[in-house]
Amino acid sequence: MNRQVRIIGAPMDLGANRRGVDMGPSAIRYAGLAAELDAASVAGTTDAGDLPVPRAEERDPDAEQPSEGSAKFLRETADVCDRLADEVADALDAGAFPLVLGGDHSIAIGTVRGAARDADLGTVWFDAHGDFNTPKTSPSGNVHGMPLAAVLGIGDFADTEWANAPNLREENVAIVGLRSLDGAEREAIRESEVTAFTMSDIDERGVAPVVEDALDVATDGTDGIHVSLDMDWLDPKEAPGVGTPVRGGVSYREAHTALEMVGERDATEDVLRSLEVVEVNPILDEHNVTAELATELAASGLGKRIL
11 MNRQVRIIGA
21 PMDLGANRRG
31 VDMGPSAIRY
41 AGLAAELDAA
51 SVAGTTDAGD
61 LPVPRAEERD
71 PDAEQPSEGS
81 AKFLRETADV
91 CDRLADEVAD
101 ALDAGAFPLV
111 LGGDHSIAIG
121 TVRGAARDAD
131 LGTVWFDAHG
141 DFNTPKTSPS
151 GNVHGMPLAA
161 VLGIGDFADT
171 EWANAPNLRE
181 ENVAIVGLRS
191 LDGAEREAIR
201 ESEVTAFTMS
211 DIDERGVAPV
221 VEDALDVATD
231 GTDGIHVSLD
241 MDWLDPKEAP
251 GVGTPVRGGV
261 SYREAHTALE
271 MVGERDATED
281 VLRSLEVVEV
291 NPILDEHNVT
301 AELATELAAS
311 GLGKRIL
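The sequence shown begins at 11 in the working numbering and counts up one residue at a time.
Below, the structure written as structure tokens:
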């Protein structure tokens, strides 16, 4: 990768119900992100710092709500995601590559909208969860379970300017590694044109063929792709420091293989527009191993190789 990488921190913890994920960007930096990116042979890195995020204790989570259902801290989430979208779009306009550090997964609304502002975008979504709930279907009202539905304009998000990314089509979205879905969310994904690969698909076929297919879906007729990496995609034995761990995730080596394939596709086709790493919670981590793994996987996605 010959591009300059711009690191953007988004210490959001308003979208989840477990505190601590706001320290994720700091933990990832502390775990050696700069050194890992140097090892990936990127042209250089700049750090734009962290976006300011309101403190949950100072706000009313129900101050603004949709017409149906619940979405906690909706006003604050919209504001942060609007500003993050601008930061991502500005980085791309300057010829830099935006690497966004979360924070909970609600920040993906901003990252995707920024990356799709002037381009037809596809996305590969590495996650244990579908993130396909809406305020109407969500059992918790936590927005970190809604970002994919939000950027696709599903349900309550259909006419929401701060969330909907019109240059992202369902047929160019691939979710990889699903293993935990709510009932309504499962039905919504089945009825959509999104391509979903479960952990059973990875077990049966292997991670490499699944990721190859996912990349084909995301790049078909698009100008580039966004890769969203939720660290709970990995098995909790590999990545314990996440807010919503689910047993049966990918292994350390499978995760590296997947991100290396992203880097390889980018090296040959120049398809990667943005990358985010989310849901690192150092309060729940063990000796910062999840943050360290996050730095390694980001570097693999940006071109780091064993040989």
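Glycine is no exception: its CB is placed at the ideal position from the N, C-alpha and C atoms.
Close beta carbons around residue i, own chain, < 7 Å, minus the five adjacent residues each side
i	result
Arg-69	Phe-83 and Glu-86
Ile-119	Cys-91, Pro-157, Ala-160, Val-161 and Ala-173
Ala-49	Ala-309 and Lys-314
Thr-19	The identity of residue 19 in the sequence shown is Gly, whereas the question assumes Thr. Once the five neighbours on either side are set aside, the close Cβ partners of Gly-19 are Pro-35, Gly-59, Asp-60, Leu-61 and Leu-111.
Ala-126	Ala-175, Asn-177 and Leu-178
Pro-71	Lys-82 and Phe-83
Cβ-heavy atom distance, residue i to the ligand SAH, below 7 Å
i	result
Glu-68	In the structure on display, the ligand SAH does not appear, and there are no ligands present to speak of.
Cβ neighbours of residue i in the same chain (closer than 6 Å, five flanking residues each side left out)
i	result
Asn-182	Gly-132, Ala-228 and Thr-232
Asn-27	Asn-152
Pro-145	Pro-76, Gly-79, Ser-80, Ala-81 and Asp-166
Ala-206	Ile-185, Leu-188 and Ile-199
Val-63	Pro-21, Met-22 and Val-90
Glu-97	Ile-18
Spatially closest choice to residue i from the options, by CA coordinates
i	options	result
Asn-177	Leu-188, Asp-128 and Glu-67	Asp-128
Asp-57	Ser-80, Pro-64, Gln-14 and Ala-99	Gln-14
Gly-187	Phe-167, Ile-17 and Val-256	Val-256
Trp-135	Ala-44, Val-204 and Ala-41	Val-204
Thr-170	Pro-76, Glu-306 and Thr-278	Pro-76
Gly-311	Gly-112, Val-299, Glu-296 and Glu-274	Glu-274
Ser-150	Ser-80, Val-63 and Leu-239	Ser-80
Asp-319	Met-22, Ala-198 and Asp-230	Since the displayed the chain opens at 11 and closes at 317, residue 319 lies outside it and no answer follows.
His-154	Ala-125, Ala-138 and Ile-117	Ile-117
Val-272	Val-217, Pro-250, Asp-242 and Leu-303	Val-217
Ala-99	Ala-175, Arg-189 and Ala-73	Ala-175
Val-260	Ala-45, Glu-214 and Ser-51	Glu-214
Asp-230	Leu-102, Glu-180 and Ala-104	Glu-180
Arg-123	Ala-104, Arg-93, Asn-143 and Phe-142	Arg-93
Asp-141	Ile-212, Asp-242 and Glu-97	Asp-242
Pro-250	Asn-143, Glu-302 and Ala-277	Glu-302
Thr-208	Glu-296, Ala-168, Ala-277 and Asp-137	Asp-137
Cβ-Cβ distance between residue i and residue j below 8 Å
i	j	result
Gly-234	Val-281	yes
Val-237	Leu-285	yes
Ala-224	Ala-194	no
Gly-258	Asp-245	yes
Thr-300	Glu-46	no
Ser-190	His-115	no
Leu-239	Leu-294	no
Asn-298	Ala-44	no
Ala-106	Arg-200	no
Ala-66	Leu-24	yes
Asp-226	Val-220	no
Tyr-262	Glu-279	no
Three-way DSSP call (helix, strand, coil) for residue i in this model
i	result
Pro-71	coil
Phe-83	coil
Glu-248	coil
Pro-108	strand
Ala-58	strand
Ala-41	coil
Ala-206	strand
Ser-284	strand
Phe-136	strand
Val-237	strand
Val-98	helix
Ile-17	strand
Arg-179	strand
Leu-47	helix
Ser-190	strand
Ile-185	strand
Val-260	strand
Leu-303	helix
Leu-24	coil
Neighbourhood of residue i by C-beta, 8 Å cutoff - its chain only, sequence neighbours within 5 removed
i	result
Thr-147	Gly-79, Gly-165, Asp-192, Ala-194, Glu-195 and Ala-198
Glu-222	Met-271
Glu-296	Pro-250 and Gly-251
8 Å Cβ cutoff, residue i in contact with chain C
i	result
Leu-239	The structure shown contains no chain C; it holds only a single protein chain.
State whether the segment 289-297 contacts the segment 29-45, with contact taken as three or more CB pairs (one from each stretch) at a distance under 8 Å.
-> yes
Could you tell me whether the segment 164-171 touches the segment 261-268, using the rule of 3 or more Cβ pairs below 8 Å?
-> no
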